[in-house]
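Residue 284 in UniProt numbering sits at position 284 of the sequence shown, with consecutive numbering throughout. All C-beta atoms in this analysis are idealised placements derived from N, C-alpha and C, irrespective of residue type, glycine included. One structure is given below, encoded as C-alpha cells.
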Amino acid sequence: MADPWEQSQTVDVEVRAYVTSLVNAVGGTSTIGEYYDVGDDAPAVLNDILRWLRLYDEKLGRLDVKRVLAEANLVRGDLLEILALWSEEVADNKLKAKLALACLQLLTPLTWPVELEEEKSTVNHHRHLPYLQLAQVSYKRAILHHEHASILRTIVRIALPSMVQPRRERSRRDESIIRVALYLFRNITMITQPQMLPSQGDENEVSRSATISGFAEQDVFDLLLTIGSGANDEFQEQDVVLLETLFHLLKGVDGRKLFMEQEQVQHEESEELRNLMIKEKAMHKGYNKHAPSRHHRFGTMIWVKRDDLRVSTVSGQQSITDESTTLHQMDNSKKWNKPKYRGKVNLETTESSGFNARCELTEQARKQLKGFVEDFLDSSFNPLFASLRKAIDREADRVQDMHRKQYFYIIHWFLSAESARREQKQKELRANTLPAEEVQESKFAYIAAVMDQETFVILNRHMQRAFDEKNWQLLQATLLCFTQILLTTQAMAESEDEEDQEIAENIQNRIFYEEATHDRIVAVLRGYSTQGFAYLDTVTECVHVFVRMLERYSKQNVDLQVRSKRRARKKQRKQGDAPRDDNEDAAEDAEDEREAQVAVTERKFDFARFSAKFLSQPCVDTFLALLRYYAELNPAQLKRCHRYLYRLAFKHELAVYLFRVDILALLHKLIKGPQGLSPETEGFKDWEQLVQQIFRRCIKWMSKDTEGEGWKEMCMVEMLFTKIPNTVFYLQNGYERVVEKRSPRAPAELEFKPSVEDERKVPVAVSVLLEQGKGDALDWVKKELGRAVEERQAWMDAESAKSAMEQAREDVERSEADAVTTAPSIFISADNDERKSQLFKDKHLRLLLTTLGLQRLGTAEDTDASWVVPSELELEKLKEGLKGIRDTEFDPPSFEEGQTAVDMIRNKSTSTSRHATEGTFDDDLEEDGSGSGGDIDENMFPPNLREKRKANDADGPAKRRRLTKRNRKELTEDEVNERAAERKRKEKERNAKIKSALYITASDDESNADADEEFFRQEAATRKKTEEAIKAELVKDAERRMRGLKTDKGGKKKTTKDKAGKKSKKRATLSESEEEEDAMDVDGQTPAARRQTDATASEHEDSASEKESPAPKPRRPRTNPFEEESSEEEPDDERISGTPSTSPPAHDEATATSPLKELSVNTGSERTAGAEKTAASDDEEEDEVPVMKPAARRNVRAGFVIHDSDSE
C-alpha cells in the first residue's frame, strides 16, 4: 500500500524542485508589514520561469511546469500582487513597469486554454488537465475581482505606450506587447467553469456577465474599440486576435435582447416561461391518465389476441383501460437495438463545444454590452471586417481554420444586432422619443463592409468548400451568415430610402443570379444526417428564408435571368475499345474544354421548376427530423415546418411523400397525442387542419378506382417504404407516365471560310479529323470511296460494252423514248453501330463527306438516313477525292500564324446570325417617334434583280471600257474602304425605295386604265388563237397516230428523213415545254392558269369589249379516244403541239433558270414560223394555222406592262 504522505509522482522531482525554488525567489509577504515585497532578483527570476515554460512545457509538449506553478500559487500570490504595486501614482517607476511587463508575459501562457491532441496526449496530460482547468478558473476570478487594484486596467496601461506609436515607427517589441495583452483578454473570455468538475467558488464570479462588467469597468472595451477602428490601417496584425475575443465574448448571447427595454425583456422572459409551463402541463396531462395509484403495487398481466390466433402478453395496470392504450403499452414493451452511429464524432460538432450554447446576462451586463455593441457598429465594424476579409482572401499566415468560422458567425451576430437596433429605433420614432439628429442617419451604412460582392464571393466559396469537406460547423456558420444577409437585404428592400432599395435590388440580383447558389442550398438540405439539432435548425431556417425571398423576388421580376453552368461530361469509353495514345486523349480534353466554356449560359428563371428541387424525399426527411423535436420547438420553428409541409402537399400536390407509416404516426401523435402539442400552443389550429387534410388525402389515395386489382394492397405495402422518384407519378395517378422520346438533335452544319480555296477544302476537312484523332473514320471513308470507284468503273465498262453490241446489230433500233442512261447511285454502308451514330452526330465527318460530293437522304433529324454517291458525281471526282485524302494523311496542309484546320471552318449559323439579328423585331423601335419601325428588312423585301442586257440591243448605251492595269490608278486601302462604304450606302438607299418585283401582285397596279384595256384585249386575242391552234394540233395528232397504226400493220419502214423530222419535232417540243415551265410565275402557276386568273380578275374589262372580241368557245367533249384532256395540271398538250406560248425564248441557261423573266403578251414571229414549218414537215396535207402579225414588243415585268418612264 502506497504511503499517503508521499508526494505525488505526476511531476518529475527535479523539475518540481527547480521551479519551486524560482517561485520562492520572486518575492513574498513582507515580515515588516502586510504588503508584498518583491525579491531582489525578481526580473531575472520571472524571465527564468518564462524560459522553463517555453523550453520544457511547450517544446517537449508537457504540462509539468504549469502544474508546479499552479500548486505554488504563483499567479495569485506573486504576479497579481506585483501588478497591483504598479498603480497610476507610480506610473513613472521604470522598475515596476518592467516587472509588470514580465508578469504580463507570464500571465498569457498560464491562462492559455489547454487543448489536448488525441494522437499526442499521454496519461500525464489527462492527469494534469482537470487540475489546470480549475486553476485557470481561479486565475480568472482573481484577475476580475482583485481586492486592491484593477488588474485589467493595469494591463491596458502596459499596452498603451506601444499602441500610441505609429505603425511604421513601431518596433517588433511594441507589436509583441500589444499582441500579448490582447491574447490575455482573449484567454479571460475563453475560460469557463468546466461542467464535469466541481466548482471551487461562486460561478457567477467567472460568468459571462462578470467578464463583460470587468471589461466595461476597467477600460478593456475602449481598448478593443481602438484596435477595431484602426484594424484597416494601424492594427492590421491584431485583427484576428480581436476577432477571437469578440467571438468568445458574444457567442450564445441573444442580440435582440440587448436593444430591448427592461420591460420588454421581462415580458419576453415571462412569455417564455408561460410556454414552458404550457408544455409541462401538457406533459403532466398525458402522464396523469396512467399515473400510479394506491393500488398500483398490485401486479397486472393480460393476454392480447392477435389476428393470427396468437396471444401476446402485456403487463401493467395501464394496459387495461382501453384498446389503444393496450397497443401503445405493447409497442413500448418492445425492444429494438437500433444501430448507433459508429462514425467519427468530431468534438466541434457537439452541442456544447460550438457556438450554440445559450448564455443569459444580467441587467447590468446587458446594458454595458449594448453600449459596447453600439459603439463598435458605429466606429469599428466596417474597418475590422474589411481587414479580416482581405486577410482571409489572401490566406494570410495569421488566419487559421477556426478564424473563418468565427468570422462568419460574428457577421451573423452583428447583423442580427443591427437589425434589432434598427427595429428599436423605428419603435422609438413612432413613439416620438428618438432625437431629431438620429432620424436622418443612414440605417445600413454601418454594415456596408459585409454587404459587398467580395464578401459574397468568399461566403459562397467557403460554403461550398465546407460542404465538400463535410466541415459541418463551418458550414453552419456560413449558413447563419447567409441567412442574416438575406434578412438584411429584405429589410433594405422594404426601406423608404430609394438608395437602399436600389442597393437591395442589386444584392438580390447578384445572389439569385447564380444557379450554383440554388443548387448548393438544395444539396445542403438533402445532406443532413446526424449533425445535431442546432445544425438542423440552421439549415431549415436558411432554406425557408431563401425560398421565401426568391419567390417574392421572382414575382416582382418576371424576366429574372439566372446563369446556368453545366459541365460538359466526357464521353466514357467502352471497355471493349482499343487503347488510344496520348494525342487522342489530349484532343478529347481540348474538345471538352471548349464545350465547357460554351456550357455557361443564361436562361429565364422558373420558380416552379426550382421549388420542385426541394420536394424530394431527403428534403422531406430533413424537415421531419426537425419536427420530431416538436416538444422543444418555438412557434417560429413549428411554423417553418408547417409551411414546408403545406407547400409540399397542397401547392405541389405531392402529399404521397407523406404517406409513410412513421410520418403519419408522427403527425397523429402531434395532434392527438399522447404527449402531443398543447391546444394552447400558437399555431395549433393550423397544424390540426393540415394533419386532417393529409389524412383525408391518404384515405382518398388508398380508395382510388383503378383499372387493375390490388391497388389498396399495393398502397399498404408502399406506406412502409420511402417513395422513389421514378414511382411517384404512378402512385399519384395510377398509371405510368407517358414520356415521348425526343428525336436526337442534328449537329450544326459547317462550312468553309471564304478564304479557303476549293482545292484546299478536302485537305482541310481531312486535317480536322486528323487533329481530333479520328483516323479510324478516315480509314472507313477511304474504304467506301475505293468501293464506290470500283463499282462506278465496273458500271462504265459494262455500259461501254453494251453500247458497242447495240451499234453492231443493224436490225435493232433504239426506241424514241429512250433517254440517256445515268449511272446508279451507290449507297455508303456503315461498318458498325458506332459508325452509324458517328455519321449522324459528327459534324466534321459530315463536312468531309459533303465536300467529297456525297449526299444524305432523309430529314435532318433522321438518325437512320443513308449516304449515297449520287449518279451525277463523276468517276474522276471520286478518284480526286480519294487521292486528296491519301495525300493529306502523308502531307497535311500548313496554315499561317499558328492557325489549325479547325480555324478554317465555321458554323453556317454564325455567318447568318448578323442578318438574322438585323431582321429581328426589337421592342425599342416602338419608342422611336418616327413610327417607321426601323430599317426595312432586306430578307422580306430583296432588291430587284438586274435585267440581262442583250448583245444586239442598239437602244442601250455603249458598253464601258474597262481600264487596264496600265491605265488604272492604284488606290490606297482607305480609299477602297470609303468607296465600298459609299456603294453600300447608295445600294441601301435604293433598296429602301424599291419594293421587290418578286412580291408585286395584281393589286399593286391601280393606275393607267388605257394600258390595262389594251393589255386585256391582246390577252383575249391570244387566248382565241391558242384555242384554235390546240384544236387543230389535237386533230392532227390523232390522225397521225391512226396513220401510224396502219403503217405498222402493213410493215412499212420509216425513212431516214422521217426520223430526222421527228427528232427535230421532238427537240422543238421539248424546248417549248421547258420554256413554258421556266416561265411559271412566283406563285407556282402555269401560263395557262395565270391567263385564267387574269381573265377572272378582269371580267368587267372583258364585258366592255365583247363586241370587238367574242368570248372564247367552251371546251368540247372528248370524241377521239386518242385525244388527251387539256387541263391546268397536265400541260402535255402544249408540249405535243406547237402552240404559241407567252414565255420568251430561252436565250441561255442563266435566263432559263432566273426567277424573273420578261414576258410577252404576243408570240414572236420566229416561234410561229417555227411551229408552222414543223407542222408542215409532218403532214403537208394538213391545213396551215393562220399566222397573226406580231405586235410591237412591250416592256413587261412579272406579267405587267412597264413604261419606259418607270424604269430605273
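Residue closest to A625, alpha-carbon to alpha-carbon, out of T540, S150, R153, E234:
Position 625 of the sequence shown, counted from the start, is the residue given in the question as residue 625. Ranked by how close their Cα comes to the Cα of A625, the residues T540, S150, R153, E234 have T540 in first place.
So, K753 versus R906, is the Cβ gap smaller than 8 angstroms?
Numbered from its first residue, the sequence shown carries residue 753 at position 753. Numbered from its first residue, the sequence shown carries residue 906 at position 906. A contact, by the Cβ cut-off of 8 angstroms.
Candidates E989, Q453, G532: which alpha carbon is nearest I511's?
As a first step, residue 511 is located in the sequence shown; it is residue number 511 there, counting from the start. The shortest Cα separation from I511 among E989, Q453, G532 belongs to Q453.
Among the candidates I191, A181, K96, whose CA atom is the shortest distance from the CA of S138?
Taking the first residue of the sequence shown as position 1, residue 138 is located at position 138. It is I191 whose Cα lies nearest to the Cα of S138.
Three-state class that DSSP yields for V206 in the structure shown:
As a working mapping, residue 206 is identified with position 206 in the sequence shown. Of the three classes helix, strand and coil, the one that applies to V206 here is helix, per DSSP.
On the premise that I188 lies in contact with T211, defined as a C-beta separation below 8 angstroms, what is that separation, rounded to the nearest angstrom?
The sequence position of residue 211 within the sequence shown is 211, counting from 1. The sequence position of residue 188 within the sequence shown is 188, counting from 1. Between I188 and T211 the Cβ distance is about 6 angstroms, and since that is below 8 angstroms, they are a contact.
Backbone secondary structure at L750 - three-state DSSP
By one-based count along the sequence shown, residue 750 stands at place 750. Here L750 sits in strand by DSSP.
With 16 other Cβ atoms within 10 Å as the buried cut-off, status of Q899:
For the purposes of this step, residue 899 is identified with residue 899 of the sequence shown, where counting begins at 1. With fewer than 16 other CB atoms across the displayed protein chains lying within 10 angstroms of its CB, Q899 is exposed.
Can you give me the Cβ contacts of E736 inside the same chain, cut-off strictly under 8 angstroms, excluding the 5 residues immediately before and after it?
Walking along the sequence shown from the start, residue 736 turns up at place 736. Within the same chain, F729, Y730 come within 8 angstroms of E736 by CB-CB distance, once the 5 residues on both sides are set aside.
Could you tell me the alpha carbon to alpha carbon distance between G1164 and R1023, rounded to whole angstroms?
On the sequence shown, residue 1164 is found 1164 positions in, with the first residue counted as 1. On the sequence shown, residue 1023 is found 1023 positions in, with the first residue counted as 1. Note that G1164 scores a pLDDT of 41, beneath 50, so its modelled location is shaky; the value from the coordinates is reported in the next line. One C-alpha to the other measures close to 15 angstroms.
Roughly how many angstroms lie between the CA atoms of Q637 and K908, to the nearest whole one?
Taking the first residue of the sequence shown as position 1, residue 637 is located at position 637. Taking the first residue of the sequence shown as position 1, residue 908 is located at position 908. Going from the Cα of Q637 to the Cα of K908 covers about 58 angstroms.
Whole-angstrom distance between A1029 and P1186, CA atom to CA atom:
Translated into the one-based positions of the sequence shown, residue 1186 becomes position 1186. Translated into the one-based positions of the sequence shown, residue 1029 becomes position 1029. Caution is warranted here: a pLDDT of 42 is assigned to P1186, below 50, making its placement in the model unreliable, and the coordinate value is therefore given only provisionally. Distance between the alpha carbons of P1186 and A1029: 9 angstroms.
Mind checking who M301 pairs with in its DSSP beta bridge?
The count along the sequence shown starts at 1 and reaches residue 301 at position 301. Paired residue(s): S315.
What's the call for T1026, buried or exposed, on a 16-neighbour Cβ count within 10 Å?
Your numbering for residue 1026 matches position 1026 in the sequence shown. By the neighbour-count criterion, in which 16 or more other beta carbons inside 10 Å mark a residue as buried, T1026 falls on the buried side.
Put I828 into one of helix, strand or coil per three-state DSSP.
Mapped onto the sequence shown, residue 828 falls at position 828. Note: I828 maps to strand in three-state DSSP.
What does the Cβ neighbour count give for V11, buried or exposed, with the cut at 16 atoms within 10 Å?
For the purposes of this step, residue 11 is identified with residue 11 of the sequence shown, where counting begins at 1. Under this definition V11 is a buried residue.
Would you mind listing the alpha helix (DSSP H) stretches within the stretch 616–649 that are 4+ residues and don't spill past its ends, in chain order?
As far as the stretch 616–649 is concerned, its whole alpha helix (DSSP H) runs of at least 4 residues are 617–627, 635–646.
Over what stretch of residues does the alpha helix (DSSP H) that includes residue 1210 continue unbroken?
With the chain represented from 1 up to 1208, any question about residue 1210 goes unanswered, as that position is not in the structure.
Any idea what DSSP makes of Y513, helix, strand or coil?
Translated into the one-based positions of the sequence shown, residue 513 becomes position 513. For Y513, the three-state secondary structure derived from DSSP is helix.
Helix, strand or coil at E395 [DSSP, three-state]
Here residue 395 corresponds to residue number 395 of the sequence shown, with the count starting at 1. Reduced to three states, the DSSP call for E395 is coil.
Could you give the DSSP three-state label for K66: helix, strand or coil?
On the sequence shown, position 66 is the one that residue 66 refers to. Helix at K66.
Suppose the cutoff is 7 angstroms on Cβ atoms and the five residues either side in sequence are ignored; what does the same chain contact list for P618 look like?
Indexing the sequence shown from 1 puts residue 618 at position 618. Only R526 meet the Cβ criterion.
Residue 1259 versus L388: straight-line alpha-carbon distance, rounded:
Given a span of 1 to 1208 for the chain in the structure shown, any question on residue 1259 remains unanswerable.
Buried or exposed (CB count within 10 angstroms, at least 16 for buried), I411
Along the sequence shown, one-based indexing puts residue 411 at 411. Counting every other CB atom within 10 Å of its CB across the protein chains shown gives I411 a total of 16 or more, marking it as buried.
In three-state terms, what does DSSP make of Q426?
The residue labelled residue 426 in the question sits at position 426 within the sequence shown. Helix.
Between the stretch 398–409 and the stretch 253–269, are three or more C-beta pairs nearer than 8 angstroms?
Touching, no, given that fewer than three Cβ pairs across the two stretches are closer than 8 angstroms.
Provide the residue span of the alpha helix (DSSP H) that contains Q133, from first to last.
As a working mapping, residue 133 is identified with position 133 in the sequence shown. Run containing Q133: 123–144, per the alpha helix (DSSP H) assignment.
N356, DSSP secondary structure in three states:
Translated into positions along the sequence shown, residue 356 becomes position 356. In the structure shown, N356 falls within a coil segment according to DSSP collapsed to helix, strand and coil.
Check whether the Cβ atoms of L670 and Y657 sit closer than 8 angstroms, and answer yes or no.
To locate residue 670, count along the sequence shown from 1; it is residue 670. To locate residue 657, count along the sequence shown from 1; it is residue 657. Going by C-beta atoms, L670 is not nearer than 8 angstroms to Y657.
Determine the direct distance from the alpha carbon of T325 to that of L677, and round the result to whole angstroms.
Position 677 of the sequence shown holds residue 677. Position 325 of the sequence shown holds residue 325. In this structure, the CA atom of L677 is about 19 angstroms from the CA atom of T325.
So, is T108 buried or exposed, given that buried needs 16 or more other C-beta atoms within 10 angstroms?
By one-based count along the sequence shown, residue 108 stands at place 108. The residue is buried, with at least 16 neighbouring Cβ atoms inside 10 Å.
Expressed to the nearest angstrom, what Euclidean distance is found between the alpha-carbon atoms of E680 and I278?
What you label residue 680 is simply residue 680 of the sequence shown in a count that begins at 1. What you label residue 278 is simply residue 278 of the sequence shown in a count that begins at 1. Cα-Cα distance, rounded: 7 angstroms.
Helix, strand or coil: which one does DSSP assign to R310?
Reading the sequence shown from its first residue, position 310 is the one you call residue 310. R310: coil per DSSP, three-state reduction.
Tell me, which residues are paired with N225 by DSSP?
What you label residue 225 is simply residue 225 of the sequence shown in a count that begins at 1. The displayed chain sequence assigns Leu, not Asn, to residue 225. Partner(s): none; L225 has no beta bridge.
Is the beta carbon of L182 less than 8 angstroms from the beta carbon of L242?
The residue you call residue 182 lines up with position 182 of the sequence shown. The residue you call residue 242 lines up with position 242 of the sequence shown. Contact flag set, yes.
Could you check how far apart the C-beta atoms of L873 and G853 are, in whole angstroms? I think they sit under 8 angstroms.
As a position in the sequence shown, residue 873 is number 873, starting the count at 1. As a position in the sequence shown, residue 853 is number 853, starting the count at 1. Contact between L873 and G853 holds: CB atoms are separated by about 5 angstroms, below the 8 angstroms threshold.
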